[in-house]
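The C-terminal position of the sequence shown is numbered 499 in my numbering, with every residue numbered one higher than the one before it.
All C-beta atoms, glycine included, are put in the ideal place defined by N, C-alpha and C.
Note that the structure is predicted; figures quoted are calculated from it, not measured.
What follows is a set of notes on a single structure, which appears directly below.
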Amino acid sequence: MEQPLFVSLISLSIGALVTFLMLSRVFRRQTQELKEEIFQTRTERTHHEAKSRESQIRVAELEATLQQERQQFTEKLTLLEQAKAELSNSFQALSAQALERNNRTFLDLAKSTFERLQENAKGDLKEKQQAINELLTPIKASLSNVDQKLELLEKTRISTFEVLRHQIHELAVTQKDLRLETANLVKALKTPHIRGRWGEMQLRRVVEMSGMSAHCDFVEQNTIIADETRFRPDMIINLPGGKKIVIDAKAPLAAYLASLEANDESQRQSYLKDHARQVRAHIQDLSQRSYWDQFKQSETPEFVILFLPGETFFSAALEQDPNLIEVGVEKKVMLATPSTLIALLHAIAYGWRQEALAENAREISQEGRDLYKRLSDMGSHFARLGQTINGTVKAYNNTVASLESRVLPSARRLKSLEVANSLEEIPVLPQLESVTREVQAVELKKNGQVENIVQRPHLVISGEKIKREPIK
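Next comes the structure, spelled out in structure tokens:
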């Protein structure tokens, strides 16, 4: 509060100083005017004194003759002195009045200036107070919003903590149930029949996830008889072009499942090594079966896929036997997990889609050839239609010519004989000079139909490539 008052006092002092300087300038200007008036009066007085001296000289010279005028001169001199005294008194009174008037004007101006400055200071103080209030109002609102948000955040935290505590409890219960279900699953997978069915279910699920329909793209549990020996692959995937890929899902899992129940690390490592040996032995067994030899040489590639129903089965075996992949490639047995098999099946599905596109392209090519032939036939029909129209125009023109040369002259003679005065004039029939436009396109001409169709290029689909070749 003291700072605004101090600023106001400084402002008032500056205003008073400015006012004083302005009034001093006015006062100096008035004083200068008075000095000029005094100087003029003195000049007049000097002029009068000069005249007086001149008169005295003249009186001295004419003293003898102007003695009678001395008295008059003395009176004039007396009057002049009185005028001088009166002028001096008048000047003093005028100076005092001007000074008093200037002082009064200065005081009035200073008073009005001080009052105006005081009012301005009060207005500035109110404006500053209002500006401060405007600045503080958003801060108060923001603090209020922060308090509300903190309160809401605290409520949200409490509710979230309760939900989290409930979810943790449910997670613990679920973990317990999952542990029991896992134990039951391990016990169930120890049975070879159930383990085989589980592998087949995983295989079917992978195929469904890949978008390969069970009714058109693969066949399950197909039995192949060759040289009085039965071969039963778990799945045969049909490829575009009549190709086939054999998948076996009877992967050995007993040793790996036993490792999950091992009590110490050494026993677990022993079971995992057995698991790797069993996988290698199964690869050798599949290689000896030679599934690819049971089909025509052009129907299947020379390899079979061994499907491991889990990534952990493959990684555990590969950790114990890093050469499993090389052994599989050498024995023409490719190891596949759900993720790699999904990628392979996606590629096969893409091949089926490309095969469908190629078939559609072949149908489109055939439809194009049929459409081209129909357009050629329609061109010949258009040509015959043009000839018919031209014949009609020619017959029309002949009829008009006959009408004008033979019928109309007789009708006009009847009119001249006043037989048909009340009837309208016979209209003049124009002659048609237009003819139909001849078909210019070679494809639409009848003579060039067969030759053009033979030379017309068309689409030939070969696998995934589409090229243009002339029809043979």
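Close-in-space but distant-in-sequence residues of the same chain around leucine 104 (CB under 8 Å, 5 per side omitted): Cβ neighbours of leucine 104 within its own chain (closer than 8 Å, five residues either side excluded): Ser79.
Nonlocal neighbours in the same chain, by C-beta distance under 6 Å from alanine 370, ignoring five residues either side: Nothing meets the Cβ criterion.
Cβ-Cβ distance between aspartate 261 and glutamate 227 below 7 Å: Aspartate 261 is a Cβ neighbour of glutamate 227, given a cutoff of 7 Å.
Entirely enclosed alpha helix (DSSP H) segments - the segment 340-409, minimum 4 residues: Within the segment 340-409, the complete alpha helix (DSSP H) runs of at least 4 residues are 351-357.
From Val190, Ala77, Ile274 and Glu63, residue whose alpha carbon lies closest to that of leucine 335: Among Val190, Ala77, Ile274 and Glu63, the Cα nearest to that of leucine 335 belongs to Ile274.
Euclidean distance between Cα positions of leucine 207 and arginine 192: Their Cα atoms are separated by approximately 23 Å.
Asparagine 290 in three-state terms, based on DSSP: In the structure shown, asparagine 290 sits in coil (DSSP, three-state: anything other than H, G, I, E or B).
N-terminal and C-terminal residue of the beta strand (DSSP E) that valine 434 is part of: Run containing valine 434: none; DSSP gives neither H nor E here.
Helix, strand or coil at lysine 270 [DSSP, three-state]: Coil, per DSSP.
Proximity to arginine 232 [Cα-Cα], best of Leu106, Pro436 and Thr364: Taking only the C-alpha atoms, the option nearest arginine 232 is Thr364.
Spatial distance of leucine 398 from arginine 411 (CA atoms): Their backbone Cα atoms lie some 20 Å apart in a straight line.
DSSP-derived helix/strand/coil call for phenylalanine 334: Phenylalanine 334 falls in the strand class under three-state DSSP.
Segment contact, 8 Å Cβ cut-off, at least three pairs: the segment 296-308 with the segment 194-205: No, the segment 296-308 does not touch the segment 194-205.
Collapsed DSSP secondary structure at aspartate 261 in the structure displayed: Aspartate 261: coil per DSSP, three-state reduction.
Buried/exposed call for valine 45, threshold 16 Cβ in 10 Å: Exposed, since its Cβ has fewer than 16 Cβ neighbours within 10 Å.
Leucine 345 and glycine 355 closer than 7 Å at C-beta: Taking 7 Å as the cut-off, the beta carbon of leucine 345 is found no closer than this to the beta carbon of glycine 355.
Cβ-Cβ distance between histidine 309 and proline 267 below 7 Å: Cβ atoms of histidine 309 and proline 267: not closer than 7 Å.
Backbone CA spacing between phenylalanine 245 and aspartate 204 [nearest angstrom]: Per-residue confidence for phenylalanine 245 stands at a pLDDT of 49, beneath the threshold of 50, marking its modelled position as unreliable; the derived number appears in the next sentence. Rounded to whole angstroms, phenylalanine 245 to aspartate 204 spans 36 Å at the Cα level.
For phenylalanine 330 and lysine 359, believed in contact at Cβ under 8 Å, the rounded distance: Correct: roughly 4 Å between the Cβ atoms.
CB of isoleucine 263 within 7 Å of CB of lysine 271, strictly: A distance below 7 Å separates the beta carbons of isoleucine 263 and lysine 271.
Minimum C-alpha distance to leucine 313 - residue among Ala276, Phe341 and Ala282: Looking at the Cα atoms, Ala276 is the closest of the given residues.
Beta bridge counterpart(s) of aspartate 174 as assigned by DSSP: Aspartate 174 is not bridged by DSSP to any residue.
Rounded C-alpha distance that separates leucine 384 from glutamate 390: If you take the alpha carbons of leucine 384 and glutamate 390, they lie about 10 Å apart.
For isoleucine 375, the nearest candidate out of His75, Gly238 and Thr68 (CA to CA): Cα-wise, what sits closest to isoleucine 375 is Gly238.
Of the residues Glu108, Gln414, Phe66 and Gly337, the one placed nearest tryptophan 225, counting alpha carbons only: Just measuring C-alpha positions, the residue of Glu108, Gln414, Phe66 and Gly337 sitting nearest tryptophan 225 is Gly337.
Identified DSSP bridge partners for aspartate 204: DSSP output for aspartate 204 lists no bridge partner at all.
Whether tyrosine 298 touches alanine 281 by CB criterion (7 Å): Against a cut-off of 7 Å, the Cβ pair of alanine 281 and tyrosine 298 comes out as no contact.
Given leucine 372 as reference, the closest of Leu230, Gln347 and Arg131 once Cα atoms are compared: Among Leu230, Gln347 and Arg131, the Cα nearest to that of leucine 372 belongs to Leu230.
Option in Thr73, Glu127, Thr367 and Asp404 with minimal Cα separation from threonine 58: When each option's Cα is compared against that of threonine 58, the closest is Glu127.
Residue(s) in a DSSP beta bridge with aspartate 275: Paired residues: Leu333.
Three-way DSSP call (helix, strand, coil) for serine 40 in this model: Serine 40 falls in the helix class under three-state DSSP.
Close Cβ partners of glutamine 347 (< 6 Å) along its chain, the five nearest in sequence each way excluded: Same-chain partners within the cutoff: Leu299, Lys300 and Ala303.
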